[in-house]
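Q:
In this note's numbering, the protein residues as written are 229 to 451.
#1: Counting pairs of Cβ atoms below 8 angstroms between the segment 407 to 417 and the segment 359 to 377, do you hit three or more?
#2: How about residue 352 and residue 332: do their beta carbons lie closer than 8 angstroms?
#3: Would you kindly check if the distance between the Cβ of residue 320 and the Cβ of residue 292 is under 8 angstroms?
#4: Can the beta-carbon of residue 444 be found less than 8 angstroms from the beta-carbon of residue 297?
#5: Which partner residues does residue 373 have in the DSSP bridge list?
#6: Can the beta-carbon of residue 427 be found closer than 8 angstroms to that of residue 267?
#7: Determine the DSSP secondary structure at residue 435, reduced to helix, strand or coil.
#8: Is the separation between the beta-carbon of residue 340 and that of residue 431 shorter than 8 angstroms?
#9: Which residue's Cα is closest to the Cα of residue 393: 345, 306, 344?
#10: Taking Cβ to Cβ, would you say residue 284 is nearer than 8 angstroms to residue 345?
#11: Hey, how far is the Cα of residue 386 from the Cα of residue 287?
#12: Roughly how many angstroms separate the alpha carbons of residue 338 and residue 390, rounded to a whole number?
#13: Once DSSP output is grouped into helix, strand and coil, what is the label at residue 362?
#14: Can you tell me whether DSSP reads residue 357 as helix, strand or coil?
#15: Between the alpha carbons of residue 378 and residue 446, how many angstroms are there, rounded?
#16: Can you tell me whether DSSP reads residue 352 as helix, strand or coil?
#17: Using only CA atoms, which one of 407, 403, 355 lies nearest to residue 419?
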């Protein structure tokens, strides 16, 4: 598919230069090849975006549910916030989640401890550099360990503990500006779906808190 795309890019199309002769591209099959290649690329990108978006989002939701089940007092606090925010309404809207500060702290803490991609999308060094005592040559493939960064003792107090309140008095966020919390990466190579994923996660967790009671079956107390 990529080879065909490159061939089409390098093919002379008379219609690009003389619009009145665009019909020639229809006769020689060029237009048909372009349309087919476009449809294949479109299908590929749609599937890729769908898979990447759904898998990572449900991973965060699963971890959020697991952590709240393990910490019932935090679940109750989050549920009270949701109920206070929407009152008697049965459906939660995206605007409602903007008022749920504790819910946002929970999601930040989940992303810190359980980033959906522990190793971010690979980077490549543009020049020779020394990093933490290691010499990296030009064009070296580099992986960023978001999982380890989120548990770094130099950045976080009691990093293995699930404690959403640690974000109560700090502006640290996962938008890519604070490098101690980068589950979505940062810069131009950051996750393009961050502003789709986060509202979806907020809505899902808030709705589950509002509409369902969660508990482990039987006498289980640990996951």
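Note that the Cβ used here is the ideal one computed from N, Cα and C, for glycine as well.
Bear in mind that the values here come from a model prediction, so they are computed numbers and not experimental data.
A: Let me spell this out:
#1: yes
#2: no
#3: no
#4: yes
#5: 347
#6: no
#7: helix
#8: no
#9: 306
#10: yes
#11: 23 angstroms
#12: 8 angstroms
#13: strand
#14: strand
#15: 33 angstroms
#16: strand
#17: 403
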